[in-house]
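Residue numbers (this note's numbering): 1 to 131.
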Amino acid sequence: METTQYTFSKEERLCSKRIIETLFTGGARSFSIFPLRVVYLPVPDTGKPPGASVLITVSKKRFKRAVKRNRIKRQIREAYRLNKSSLNRVLKEKGIYLPIAFIYPGNELPCWQEIEEKVRISLLRIEEKFL
Numbered sequence: 001m002e003t004t005q006y007t008f009s010k011e012e013r014l015c016s017k018r019i020i021e022t023l024f025t026g027g028a029r030s031f032s033i034f035p036l037r038v039v040y041l042p043v044p045d046t047g048k049p050p051g052a053s054v055l056i057t058v059s060k061k062r063f064k065r066a067v068k069r070n071r072i073k074r075q076i077r078e079a080y081r082l083n084k085s086s087l088n089r090v091l092k093e094k095g096i097y098l099p100i101a102f103i104y105p106g107n108e109l110p111c112w113q114e115i116e117e118k119v120r121i122s123l124l125r126i127e128e129k130f131l
């Protein structure tokens with residue numbers, strides 16, 4: 001195993017306003033695995049290297065305290081970091097750049113096992129679309 005497999009670098013964070021806008025306005029695919037909603041859209045000709053970029057959002061309306069929002073985002077980020085390798089391998093083989101948004105619409109603080117399982121299932125589901 002290579003050591004860079006379990007990192008979460010700046011290149012893997014979705015920061016481009018243009019790509020985020022296209023992700024939420026036009027033709028993106030989405031699905032829900034409670035308590036997560038996943039939105040993704042293969043973007044051609046971005047000039048970015050093949051692989052996935054991730055955006056994580058938690059509703060301020062449901063969680064007023066930033067501490068709780070940040071905790072949920074940290075859990076999702078960690079679960080993604082540990083389970084991303086097979087998806088990235090498939091995307092690099094196919095030469096696809098894929099922005100993904102994880103949205104947490106739930107009302108309660110989740111436990112780590114629940115988040116990790118749902119992120120793993122959602123990544124496998126996305127991976128199946130590109131095999």
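Glycine included, every Cβ here is placed at the ideal spot set by N, Cα and C.
Computed from a prediction, not measured in an experiment: that's the story for all the values here.
In this structure Pro-50 touches Tyr-97 by the C-beta definition: roughly 6 Å separates them, less than 8 Å. Secondary structure of Thr-22 (DSSP, three-state): helix.
Taking all protein chains in view, the Cβ of Val-67 is surrounded by fewer than 16 other Cβ atoms within 10 Å, so the residue is classified as exposed. Taking 8 Å as the cut-off, the beta carbon of Val-39 is found closer than this to the beta carbon of Ala-28. In the DSSP assignment, Ile-100 falls within the unbroken beta strand (DSSP E) covering 97-104. Taking 8 Å as the cut-off, the Cβ atoms of Ile-20 and Leu-55 count as close. Per DSSP, Leu-109 is not a residue of any beta strand (DSSP E), being assigned neither H nor E. With a beta-carbon spacing of about 20 Å, Arg-77 and Phe-31 fall beyond the 8 Å limit used to define contacts.
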